[in-house]
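In what follows, a structure is listed as structure tokens, so that the remarks can point back to it.
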Amino acid sequence: MKLSRLMSMTRRVLQQLKHDPRTMALLVLSPSLLMTILKYVYYSKPEVFQHVAGSMLGVFPMLVMFLITSVATLRERTSGTLERLMISPLTKMEFILGYAIAFGVASLIQATLVSSYAIWVLGLKIAGSQSALIFVAILDALIGLSIGLAVSTFAKTEFQAIQFMPAILLPQLLLSGLLVPRESMPRILSDLSNVLPLSYAIDATRKVIMGQGSIAHDCLVIGLSLLLILAAGSLTLKRQTK
Amino acid sequence: MSSAIVCKDLVVQRGTNVILKELSLTIESGQILGLLGPSGSGKTTLMRSIAGLQKIKSGEISVLGMKPGVAVLREKIAYSTQSASVYSDLTCEENLKYFASLFSRNEKTVDEILEEVDLNVVRNQVASSLSGGELSRLALATTLVGSPEILILDEPTVGLDPVLRIQLWELFNKLAAQGKTMLVSSHVMAEAEYCHGLALMRSGQILAHGTSAQLRAQTGKEKMEDVFVALVKGP
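If you read the sequences in order, they're chains B and U.
All residue numbers for the first sequence refer to the numbering used here, where the first residue is 473 and numbers rise by one.
All residue numbers for the second sequence refer to the numbering used here, where the first residue is 118 and numbers rise by one.
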């Protein structure tokens, strides 16, 4: 791996985001809008807002980065640019890390903005620190990114890529403990929930908000699954076609 | 003179479809070989095989003495696809700077290349706003960064006006004079004139390989179009 190539890879992805201000605006602002709606939907039950808003802070980054990455890498595949990169000196590691750093920056901005907005404007009470919350959000974003990269290889069109969101992310969301506590699910579902990274993401965000327990274990699980999915994703970057 | 690219008994099969049928071809270094033939004859597959993008079923390819696709070779080879493979949401300059940064050696600066392909005026325009001709010149420009020794260009002159086409062929000749080896495909038979050597391709095989003078002498025809027809029909 060469640092200069990694940096120019990252710079290129950021430049592409810069040329697309509408996506940037939606990316950064829509979570805050959703938070506002949540706040007033549960206006009469502020304790539910506390509960749900916290989980949403873990869900947004994963959802958004999944979509952006699967469409972005699909575009690289269909436009032929990925093929050109594959016969250039750029390594797969530099390609993946370049995307991870650039989108990591985008999710840092997103998480900082939405958590600040939720805390200062909507009155979300957090017992833990905001930086821990942002840290978890970035890990979540990277999970979304790695899944997006891995599934983009199975999609031939952007329509298909988008359809992977309900197929792959929504089951995780239903099983994550966002709707019902994971302990109260049938055994098979709670076991399933235990191996899905989003469950740990939501647990970690909740722990920060309630200030209960350490998030080290959750972050470790998220980090390891991140490496695993990224490795799977890198296998989908083929230098040669049949 | 040494051979830059050697293909021997190359077979490429996709599904049950045999695309290249025991194809053999040698390209000397510093030469421009024009690959002519109708669409569907396997030109792109041959180019992708040499670039290292295509799995081959049997046969051998050697590029500068190496197997296609190995890491050392990736610093030395450039391939431009038929459709312009550039980032449509980046400007010309950003595209070029990005591709240039991937290579460790750059003899020419981005400014020089922009000048060479006549894109200086639109350097700050995003690629999606370029005209067809400008876009294919941008794609060509991105293959010129990184000082490649071997350039594989798939239909680089499609959709260009004649003046520009001649300019580009002059540029190709200049590059060849600097010792670069080029494989350029086209379905415009008239472009044969600009190449050092010609390979006429049809249904996955090389029909004939030689200089345009040799092929003319062989068939007794003057126009390249007629030469091709004569070669297809046989004696």
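Note that the Cβ used here is the ideal one computed from N, Cα and C, for glycine as well.
All figures in this text were calculated on a predicted structure; none of them were measured in a lab.
Item	Value
Enclosing alpha helix (DSSP H) for H304 of chain U [first to last residue]	No alpha helix (DSSP H) holds H304 of chain U; DSSP gives it neither H nor E.
Any non-hydrogen atom of the ligand MG within 7 angstroms of L510 of chain B CB	Summarising the ligand content, the structure contains no ligands, and the ligand MG is consequently not present.
Coil, strand or helix - D126 of chain U by DSSP	strand
Extent of the continuous beta strand (DSSP E) to which K138 of chain U belongs	134 to 145
C-beta neighbour in chain U for V493 of chain B, strict 8 angstroms	Val is not the amino acid found at residue 493 of chain B; the sequence shown has Pro there. Not closer than 8 angstroms to any Cβ of chain U, the Cβ of P493 of chain B fails to qualify, so no.
Inter-stretch contact (C-beta, 8 angstroms, three-pair minimum) for the region 284 to 304 of chain U and the region 326 to 342 of chain U	no
Cα-Cα separation, S516 of chain B to Q635 of chain B	35 angstroms
Any C-beta of chain U under 8 angstroms from that of L562 of chain B	yes
Whole-number beta carbon distance between Q712 of chain B and Q130 of chain U, since they are thought to touch under 8 angstroms	Contact doesn't hold; Cβ gap of about 14 angstroms is too wide.
Beta-carbon separation (whole angstroms), I559 of chain B vs G169 of chain U, contact threshold 8 angstroms	6 angstroms
Short CB-CB distance (under 8 angstroms) between A316 of chain U and chain B	no
C-beta contact flag for A620 of chain B and S706 of chain B at 8 angstroms	Inspection of the sequence shows that residue 620 of chain B is occupied by Gly rather than by Ala. No; because the gap between Cβ atoms is not below 8 angstroms, this pair is not in contact.
Among U:S146, U:T161, U:I178, U:L153, nearest to E139 of chain U - alpha-carbon criterion	U:I178
Whether S579 of chain B touches L702 of chain B by CB criterion (8 angstroms)	no
Close-in-space but distant-in-sequence residues of the same chain around D235 of chain U (CB under 8 angstroms, 5 per side omitted)	R254, L281, Q284
Distance CB(A613 of chain B)-CB(G649 of chain B) smaller than 8 angstroms	no
Validate contact between the region 255 to 266 of chain U and the region 185 to 203 of chain U using beta carbons, cut 8 angstroms, 3 pairs	yes
Completely contained alpha helix (DSSP H) runs for the region 635 to 677 of chain B, where each covers 4 or more residues	642 to 647, 659 to 666
Coarse secondary structure for H491 of chain B, derived from DSSP in three states	coil
Contact between the region 669 to 687 of chain B and the region 519 to 530 of chain B (3+ Cβ pairs under 8 angstroms)	yes
Inter-residue CB distance, R319 of chain U and S158 of chain U (contact presumed, cutoff 8 angstroms)	5 angstroms
Delimiting residues of the alpha helix (DSSP H) encompassing Q284 of chain U	279 to 294
Contact between the region 215 to 226 of chain U and the region 242 to 253 of chain U (3+ Cβ pairs under 8 angstroms)	no
Where the region 540 to 564 of chain B meets chain U: residues whose CB sits under 8 angstroms from a CB there	S551, G552, T553, E555, R556, L557, M558, I559, S560, P561, L562
Any 3 or more C-beta pairs closer than 8 angstroms across the region 175 to 190 of chain U and the region 331 to 340 of chain U	no
Beta-bridge partners of V180 of chain U, as assigned by DSSP	U:I122, U:M183
Y311 of chain U, buried or exposed, once every other Cβ within 10 Å from all chains shown has been counted against 16	buried
CB contact check: T713 of chain B to chain U, cutoff 8 angstroms	yes
Top-ranked residue by Cα proximity to S120 of chain U, from U:G296, U:I144, U:P273	U:I144
Contacting positions in the region 147 to 175 of chain U - beta carbon closer than 7 angstroms to chain B	A168, G169, L170, Q171, K172
Integer Cβ distance of I573 of chain B from T708 of chain B, believed to fall under 8 angstroms	That pair is no contact at about 20 angstroms.
CB contact below 8 angstroms: Y311 of chain U versus chain B	no
C-beta neighbour in chain U for S480 of chain B, strict 8 angstroms	yes
Same chain, Cβ closer than 7 angstroms to Q322 of chain U, neighbours up to 5 away in sequence not counted	K138, L140
Residues that DSSP places opposite R131 of chain U in a beta bridge	U:N134
Q487 of chain B at chain U interface by Cβ criterion, 8 angstroms	yes
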